[in-house]
Amino acid sequence: MDGLTSTVRSALVFLLVNVFVVRCDITDGNAEHLKREHSLIKPYQGVGSSPSSQWDFSGSTLVTSSYVRLTPDERSKQGSIWNTVPCHLKDWEMHVQFKVHGSGKKNLHGDGIAIWYTKDRLHPGPVFSNNAHFHGLAVFIDTYSNDDAADRSFPYISAMVNNGTVTYDHGKDGRSSELGGCSAEIRNRDHDTYLAIRYSKGRLTIMVDVDDKNEWKECIDIGGVRLPTGYFFGASAATGDLSDNHDIISMKLYQLMVEHTAEEESLDWTKIEPSVSLLKSPKDNIDDPTGNFRGTPLTGWKIFLLLLCALLGIVVCAVVGAVVFQKRQERNKRFY
Ligand SMILES: *[C@@H]1O[C@H](CO)[C@@H](O)[C@H](O)[C@H]1NC(C)=O
Ligand SMILES: [Ca+2]
């Protein structure tokens, strides 16, 4: 029995590893599908100064030829940079190269950077210098733990989807509204640090590459996320009593080549309300026009794993049953 159990276990581990590997194949920069109008690339020609520029900036933001500094390492600064062109891609992946650095010692620096895909742009407020009642997606690279009771290590990366009704709780580092997150050592690194945000078929995946290994590590991966088209990409940062230089080196948007049904194509994607249905089961989503959950790899794999477990269970029962039956027959023979 023990041997069989461990065989089953290694089979499951093997399958799970495969699931993970499959989930990790994020675009590694296919230039063909790079969308220049939504990308911010060195040396940032015309950003801010030329009327034809596709990026606006505000607050403390400083554009040089090698980085866009959202805030300097000084107290109470707020800066942002926003794409002026609304994004009408249904499936996309944003790669952000960033650098957070400063003279503050451990835990004496803040507050971090936020990457946005929102309805409104250049709308200042208290959430990493942006509006608290935003519509859309926010990804926070939070370097300072405001919540003394926090049992997680900072910097902490998290994501939030809002329809304008939820307020990001800065004092709790947004814990009550986060969809998921991970810790990542991103500050004062000598090498380049990257974040990737993928949105495709109702699935939001966030990956980080911060250890100079040139590989993406999964941070967040959830289904049931609904985001419209026609929103704007942006980045913002803020400092408070504590500070850091918050630099964006590049933001590169890639179009993902994904097939949609004619029915999906005929919908007005700009009308979608941002939302997340974390607890919905796949069958509740059969009529979901954006294809959320349907055909997502994890759901398929889960069903496969369940079937496999059921099959293995039946085999184990059959073998045990046969052995018991044979033993009993032998014992019965001895009685006669
Ligand atoms: C906005 O989100 C809240 C909380 O998730 C929800 O209760 C509300 O119905 C949503 N409103 C709209 C207009 O979708
Ligand atoms: Ca914080």
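Numbered by mature numbering (1 follows the signal peptide of the UniProt record, and there is no 0), the letters in the sequence shown go through residues -24 to -1, 1 to 312 in order.
Built from N, CA and C at the ideal position, the CB exists for glycine as well.
Evaluate residue i with the Cβ neighbour count: other Cβ atoms within 10 Å of its Cβ, from every protein chain shown; 16 or more gives buried, anything less gives exposed.
i	result
Ser56	buried
Pro102	exposed
Ser36	buried
Gly267	Bear in mind that the predicted position of Gly267 carries a pLDDT of just 38, short of 50, making it unreliable; the figure below should be weighed with that in mind. Classification for Gly267: buried.
Gln302	exposed
Gln21	exposed
Arg45	buried
Thr47	buried
Glu161	exposed
Gly157	buried
Val299	exposed
Gly86	buried
residue 322	The requested residue 322 is not part of the displayed model; the chain covers only -24 to 312.
Ser257	Here the model assigns Ser257 a pLDDT of 44, short of 50, so the residue's position is not dependable, and the following value carries that caveat. Its Cβ having fewer than 16 others within 10 Å, Ser257 is exposed.
Ser25	exposed
His99	buried
Asp244	exposed
His14	buried
Ala238	exposed
Val115	buried
Ala294	exposed
Ser105	buried
Ile133	buried
Val186	buried
Val296	exposed
Val39	buried
Cβ of residue i versus every heavy atom of ligand 2: is any distance shorter than 6 angstroms?
i	result
Asp149	yes
Asp118	yes
Asn122	yes
Taking the alpha carbon of residue i as the point to measure from, which residue in the options has its own alpha carbon closest?
i	options	result
Arg97	Tyr20, Cys63, Leu254	Cys63
Lys247	Gly297, Leu288, Gly112	Gly112
Glu69	Ser42, Met183, Asn106	Met183
Ile117	Ala108, His222, Asn83, Pro48	His222
Arg163	Asp145, Thr47, Asp220	Asp220
Val23	Lys11, Arg51, Thr60, Thr47	Thr60
Val234	Arg304, Gly178, Val295	Gly178
Leu218	Val39, Lys11, Ser42, Leu84	Leu84
Arg12	Phe209, Leu288, Ile198	Phe209
Tyr120	Ile89, Tyr144, Tyr207	Ile89
Pro131	Gln54, Cys195, Leu38	Cys195
Ser253	Leu155, Phe104, Glu239	Leu155
Asp49	Ser79, Val296, Asp244	Ser79
Phe110	Ser176, Leu282, Ser251, Leu287	Ser251
Lys66	Ile198, Val295, Leu180	Leu180
Asp197	Tyr207, Ser176, Val186	Ser176
Asp166	Ser41, Gly150, His77	His77
Ser41	Phe33, Ile225, Pro19	Pro19
Ala108	Ser129, Leu287, Gly150, Lys81	Gly150
Ile225	Leu10, His9, Leu16	Leu16
Glu249	Cys285, Gly206, Ser105	Gly206
Phe33	His9, Leu287, Trp58	Trp58
Taking 6 angstroms as the line, does the beta carbon of residue i fall inside it for any heavy atom of ligand 1?
i	result
Asn221	no
Thr141	yes
Glu249	yes
Does the contact criterion of 3 or more C-beta pairs under 8 angstroms hold for the region 21 to 41 versus the region 86 to 93? no
Across the region 208 to 216 and the region 177 to 196, are there enough close Cβ pairs to call them in contact, namely three or more that are closer than 8 angstroms? no
Is the region 190 to 209 touching the region 122 to 142 in the sense that three or more CB pairs, one from each, lie closer than 8 angstroms? yes
On the three-pair Cβ rule with 8 angstroms, is the region 229 to 236 touching the region 108 to 125? no
Determine, using beta-carbon pairs with one atom in the region 165 to 173 and one in the region 73 to 80, whether at least three such pairs fall under 8 angstroms. yes
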